[in-house]
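Working notes, beginning with the structure itself.
Residue numbers (the working numbering), protein chains in the order written: chain A, 1 to 137; chain B, 1 to 139; chain C, 1 to 286.
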């Protein structure tokens, strides 16, 4: 079984999915990421799906789950690089990817993560639920 | 059944494992490219195939898929037949409802796949297995 | 069957015997029917080609235009009518180029006045009718493919996606939106977002007279798809009638931003991008 590599760049974990993932590989990635977030204490996860020519409901669910898990672990997940044909298909499929933040490319995704960390830092009372967890950051 | 003439020998692939679902996606992509479907239509068909192949594996206990190029009077298309000899579907209408699942998924497999293709035909009965035929025509 | 093998041979003989006269008279008649919109030399070349292939076909004992032996004759006729279709001649004018042959044949047979001249004329005439109908059919097909080509070109032309500002693209939609066109426009818009890395798109529908449920759905799906990709869409220029339609059809625009004009939409986006960098703004204030 193939494994998707996870890179650490500063405060962000970068996952660039380059292979047509089997369901097992997807589940493995989900587990690996949760562990790496805790091990590194990173506050951002960037998942680059530029190379994916389809996203089906399984991968869609994996992305949603990763976003939820990382939120619990105080990390922001941004999915970047979704192709137009993939987005059109997901809409038709009825998958809304609720709770996932998206950006057009890695650069914009990085900005988005930085901006959301800034918000936490500059307006600590902007989001009460987050305030307690970010206090340690 | 749906109209259209088969072109060339259909290509088959067994579905027994996760990796086979990946192979089905790649096979469908190859045939869809050869049939000159647009990029969006290719993506829709491959996504539908991925959903249905996973269903065949998870609910049907494995099976086979047959992919062929078809032609009617005006257009070319790709037809895919998924067949398993699993337990079958008891309540088809319910199974085709958005969000209904017995396997812990999102419940978008069948209903979503049906929206992604032009023709969708399902034959099933309790204890008789399930055969699903889908077709996507070029625009 | 239009004519017997013997009649066909006689037709070829008649045409071959009076080559100069036939070509001359036929060209004149066609020129009159087209009212001088093609040069005499051009017409003469076409008539001579048609004349020659009719003789070849007739000598081979051709009885029907659908026969294999008539392949060359059909090709010449097809080329003629396709040419006429492209040059914008009417169907009647195109068919007249063939039907005028009847007048020529009648004049020739009148001179001869022999036995069976009338019978021959009827037979020849029905063959010319076949040729005329074939020309007509080819003409219609040529026009149809011309229309299809133009529709496709129109689709290409009428869907520009323009960069409006750094990070903002706009697609000004003009004219009636059918489902096919809406789909093409939307796919192109999404691709442009990726190519230019623009996180904002403005869909301006000032120039769209009406929308139906399907088109509204296409626009909505595009907005959702753009969001999945990490971009925001703003719809501007919704006419009062369209707003009424949208409400009457019960289409949910939800939280999609709508603005009265393209200018308002751009202002809205620029304000958003300004707010997105609060740090830079506050520094400027210092």
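Even glycine gets a Cβ: it sits at the ideal position worked out from N, Cα and C. Treat the numbers as computed from the prediction; the structure is a model and nothing was measured.
Item, Value
"Since residue 37 of chain A contacts residue 13 of chain A with CB under 8 angstroms, what's their CB separation in whole angstroms?", "7 angstroms"
"Along the chain, where does the alpha helix (DSSP H) containing residue 12 of chain A start, and where does it finish?", "No alpha helix (DSSP H) contains residue 12 of chain A, which is instead part of the beta strand (DSSP E) from 12-16."
"I'd like the span of the alpha helix (DSSP H) that includes residue 24 of chain C, first residue to last.", "19-33"
"Return the first residue and the last residue of the beta strand (DSSP E) that residue 78 of chain B is part of.", "76-84"
"How many Å lie between residue 193 of chain C and residue 164 of chain C at the Cα?", "12 angstroms"
"Under 8 angstroms, do residue 5 of chain C and residue 59 of chain C count as touching if we go by C-beta distance?", "no"
"Measuring only the C-alpha atoms, how far is residue 5 of chain A from residue 206 of chain C?", "48 angstroms"
"Go ahead and label residue 244 of chain C buried or exposed: buried means 16 or more other beta carbons lie within 10 angstroms of its beta carbon, across all protein chains shown.", "exposed"
"If you run the structure through DSSP and keep just helix, strand and coil, what is residue 120 of chain B?", "strand"
"At what residues does the beta strand (DSSP E) containing residue 2 of chain A begin and finish?", "No beta strand (DSSP E) holds residue 2 of chain A; DSSP gives it neither H nor E."
"Going by C-alpha to C-alpha distance, which of C:166, C:148, C:252 and C:49 sits closest to residue 274 of chain C?", "C:166"
"I'd like to know whether the C-beta atoms of residue 87 of chain A and residue 43 of chain C end up nearer to each other than 8 angstroms.", "no"
"Measure from the alpha carbon of residue 96 of chain B to the alpha carbon of each residue in B:79, B:115 and B:83, then state which is nearest.", "B:115"
"Run the CB neighbour count on residue 33 of chain B, radius 10 Å, all protein chains shown included, and call it buried at 16 or more, exposed below.", "exposed"
"Rounded to the nearest angstrom, what separates residue 73 of chain C and residue 36 of chain B at their Cα positions?", "35 angstroms"
"So, at 6 angstroms on beta carbons, what are the nonlocal neighbours of residue 81 of chain B in its own chain, with the 5 sequence-adjacent residues on each side left out?", "66 and 133"
"Suppose the cutoff is 8 angstroms on Cβ atoms and the five residues either side in sequence are ignored; what does the same chain contact list for residue 65 of chain C look like?", "2, 73, 74, 127, 130, 131 and 134"
"Counting only the same chain and skipping the five closest in sequence on each side, list residues whose C-beta sits under 8 angstroms from that of residue 98 of chain A.", "64"
"Short of 8 angstroms Cβ to Cβ, which residues in the stretch 54-68 of chain B face chain A?", "54"
"Beta-carbon separation of residue 213 of chain C and residue 249 of chain C under 8 angstroms?", "yes"
"Residue 82 of chain C: buried (16+ other C-beta within 10 angstroms of its C-beta) or exposed?", "buried"
"Just reading off the alpha helix (DSSP H) that residue 77 of chain C is part of, what are its end residues?", "71-86"
"Closer than 8 angstroms between beta carbons: that is the criterion. Which residues of the stretch 33-46 of chain B meet it against chain A?", "39, 40, 42, 43, 44 and 46"
"Using the three-state DSSP reduction, which class does residue 219 of chain C fall into: helix, strand or coil?", "helix"
"Should residue 8 of chain A be labelled buried (16 or more other beta-carbon atoms within 10 Å of its own) or exposed?", "exposed"
"Looking at C-alpha atoms only, which residue of C:151, C:48, C:262 and C:71 is the closest neighbour of residue 233 of chain C?", "C:262"
"Mind checking whether the beta-carbon of residue 171 of chain C lies closer than 7 angstroms to any heavy atom of the ligand ADP?", "The model depicted lacks the ligand ADP and carries no ligand whatsoever."
"Within the same chain, show all residues whose beta-carbon is closer than 8 angstroms to that of residue 28 of chain A, passing over the 5 residues directly before and after it, in chain order.", "1, 3 and 4"
"The beta strand (DSSP E) that contains residue 19 of chain A, what's its start and end?", "First-last for residue 19 of chain A: undefined, no H or E at that position."
"Among C:222, C:89 and C:55, whose alpha-carbon lies nearest the alpha-carbon of residue 142 of chain C?", "C:89"
"So which residues of chain A does residue 231 of chain C contact, with C-beta pairs closer than 9 angstroms?", "102, 103 and 104"
"Just the chain A side, please: which residues come within less than 8 angstroms of residue 225 of chain C by C-beta, in chain order?", "84, 87, 88, 90 and 91"
"Which value, in whole angstroms, describes the spacing of the CA atoms of residue 99 of chain C and residue 146 of chain C?", "25 angstroms"
"Listing by chain order, which chain B residues have their CB less than 8 angstroms from the CB of residue 54 of chain A?", "25, 43, 46, 47 and 50"
"Out of curiosity, what's the CA-to-CA distance linking residue 173 of chain C and residue 159 of chain C?", "7 angstroms"
"Below 7 angstroms CB to CB, which residues in the same chain sit around residue 26 of chain A once its five sequence neighbours on both sides are set aside?", "58, 59 and 62"
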